[in-house]
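This report concerns only the one structure given below.
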Amino acid sequence: MLDVVVLFFLLGVLARWFKSDLRLPEALYETLSIYLLLAIGLKGGIELSKQSLLVLAPQVAACLALGFAIPFLLVPVLRRLGLSAVDSAALAAHYGSVSVVTFAVASSYLQKRGVALESHAALWVALMEAPGLIAGILLARLGADTAPGRIHWKELAHDVFLGKSVLLLAGGLLIGAVMGEAGTASIKNVFIDPFKGVLALFLLELGLVAGGRLGELRRYGLRLLGFALLAPLLLAVLGALVGRALGLSLGGVTVLATLAASASYIAAPTAMRIAVPQANAALSITAALGVTFPFNIVLGIPLYFALAQRLA
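Residue numbering for the sequence shown follows my numbering, starting at 151 and increasing by one per position.
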């Protein structure tokens, strides 16, 4: 049975597919995204305040390594599919980074089934946001003869690490970790309890956006469609194996597999626009948001949960 928030996403897709005039105000979309990032960070930070940092060290190292390695695994595949070095690196960077909303849907899926999840799982999201972007940029620079002269690393670092998604997520984690459960009790009714309703509204908007991207698949053909469907399945296996090696719970393995399978459509496009401006941005957004995101939240997460059950 589908989670109710997924049905909101499908409603958005159908509305766009049938050319409805349904729209969410841009200001509301920005507000919802800020809320979700802060809420996810806060919830993770509250639980992080109860954890030993020494115990978390292997997970920190594994998440950083996994995010950095994914673009290196995907670029050779994309090159074989006929993409240029620059486009391959940029697209791989989107898959090396992660989708916060996909994480939220996976957490909701597990909660609905009463499956326990490591309480600090939001920390994994924050850790995996940037390494894939850095790896993609490096690969683009190594593989492109026509790349512009020099990357302005200071500007890029500012955009990647102080961009909206990373700053709000990391900031929420820090606030939650410092204040703990008692210190954040006064805002629980704002940031914790209404979370799922806000997520449903945000997914409605993403459904409208993704529905508008489906027509672009004809432009890029079956190669892009096949990659955007198969890559998350293979990356989920890698993420699940890493989670199993770390000794994570059933829910933890599911979420790490989901994060590995997800693709960024917020932080990655911004970073690639600055560092690799000659890459085809529409190619990456169509794959990440038009195909992989819908696949993950409708079909992928239940598959990754079943995979985690088999490994357990």
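For every residue, glycine included, the Cβ atom is placed at its ideal position computed from N, Cα and C.
Proximity of residue i and residue j at Cβ, strictly below 8 Å
i, j, result
"alanine 256", "isoleucine 451", "yes"
"phenylalanine 159", "isoleucine 435", "no"
"leucine 385", "alanine 411", "yes"
"leucine 375", "valine 248", "no"
"glycine 389", "glycine 282", "no"
"arginine 368", "glycine 232", "no"
"threonine 404", "leucine 228", "no"
"lysine 346", "valine 155", "yes"
"alanine 378", "alanine 437", "yes"
"glycine 402", "alanine 271", "yes"
"leucine 214", "glycine 322", "no"
"asparagine 211", "leucine 358", "Note that residue 211 is alanine in the sequence shown, not asparagine. No, the pair does not count as a contact, with Cβ atoms beyond the cut-off."
"proline 382", "phenylalanine 341", "no"
"alanine 413", "leucine 457", "no"
"alanine 266", "valine 316", "no"
"phenylalanine 443", "threonine 252", "yes"
"valine 441", "isoleucine 287", "no"
"aspartate 343", "lysine 262", "no"
Member of the options whose CA lies at the smallest distance from the CA of residue i
i, options, result
"glycine 191", "Leu277, Ala212, Ala410", "Leu277"
"leucine 319", "Val387, Leu288, Gly194", "Gly194"
"asparagine 339", "Pro419, Leu288, Tyr185, Val275", "Tyr185"
"arginine 460", "Gly162, Ile220, Glu279, Gly393", "Gly393"
"leucine 223", "Cys213, Ala243, Val163, Leu206", "Ala243"
"methionine 329", "Asp343, Ile196, Glu180", "Ile196"
"leucine 241", "Ala429, Arg230, Glu180", "Ala429"
"serine 234", "Leu289, Ala327, Ala462, Gln201", "Leu289"
"leucine 449", "Pro419, Leu433, Leu380", "Leu380"
"alanine 327", "Ile337, Ala418, Gln201", "Gln201"
"alanine 462", "Leu172, Ala395, Pro208, Glu176", "Ala395"
"proline 419", "Val387, Ala254, Lys314", "Lys314"
"valine 387", "Leu453, Leu356, Arg363, Lys304", "Leu453"
Rounded C-alpha distance that separates residue i from residue j
i, j, result
"isoleucine 424", "valine 250", "21 Å"
"serine 199", "alanine 189", "15 Å"
"leucine 439", "valine 236", "19 Å"
"alanine 246", "arginine 291", "Before going further, note that residue 246 is glycine rather than alanine in the sequence given. Cα to Cα, glycine 246 sits roughly 16 Å from arginine 291."
"leucine 312", "leucine 354", "27 Å"
"serine 238", "valine 225", "5 Å"
"asparagine 351", "leucine 182", "The sequence given here places leucine at residue 351; asparagine does not occur at that position. Using only the alpha carbons, I get a separation of about 8 Å."
"glycine 397", "glycine 365", "42 Å"
"leucine 206", "serine 269", "12 Å"
"threonine 296", "proline 221", "No answer about threonine 296 holds up, because its pLDDT of 44 lies below 50 and its placement is not dependable."
"serine 170", "serine 399", "43 Å"
"tryptophan 274", "tryptophan 167", "34 Å"
"leucine 178", "valine 348", "11 Å"
"alanine 431", "methionine 422", "8 Å"
"valine 163", "glycine 371", "20 Å"
"serine 258", "alanine 335", "21 Å"
"isoleucine 325", "glycine 333", "9 Å"
"leucine 204", "glutamate 331", "21 Å"
"alanine 285", "leucine 174", "35 Å"
"glutamate 176", "alanine 219", "35 Å"
"serine 209", "alanine 254", "The identity of residue 209 in the sequence shown is glutamine, whereas the question assumes serine. C-alpha separation (whole angstroms): 19 Å."
"glycine 433", "isoleucine 337", "Residue identity check: residue 433 is leucine in the sequence provided, not glycine. C-alpha separation (whole angstroms): 40 Å."
"leucine 161", "glutamate 180", "20 Å"
"leucine 356", "glycine 264", "27 Å"
"arginine 363", "lysine 304", "33 Å"
"arginine 230", "leucine 172", "40 Å"
Interface flag, residue i vs chain C, CB-CB below 8 Å
i, result
"leucine 324", "This model lacks chain C altogether, as it is built from one protein chain only."
4 or more residues per run - each alpha helix (DSSP H) lying fully within the region 200-258: 203-230, 235-246
Complete alpha helix (DSSP H) runs within the region 431-459 (minimum length 4 residues, chain order): Within the region 431-459, complete alpha helix (DSSP H) segments of at least 4 residues are found at 431-435, given in chain order.
Length at least 3, wholly inside the region 349-398: the beta strand (DSSP E) runs in chain order: none
Segments assigned alpha helix (DSSP H), at least 4 residues, entirely inside the region 312-337: 314-333
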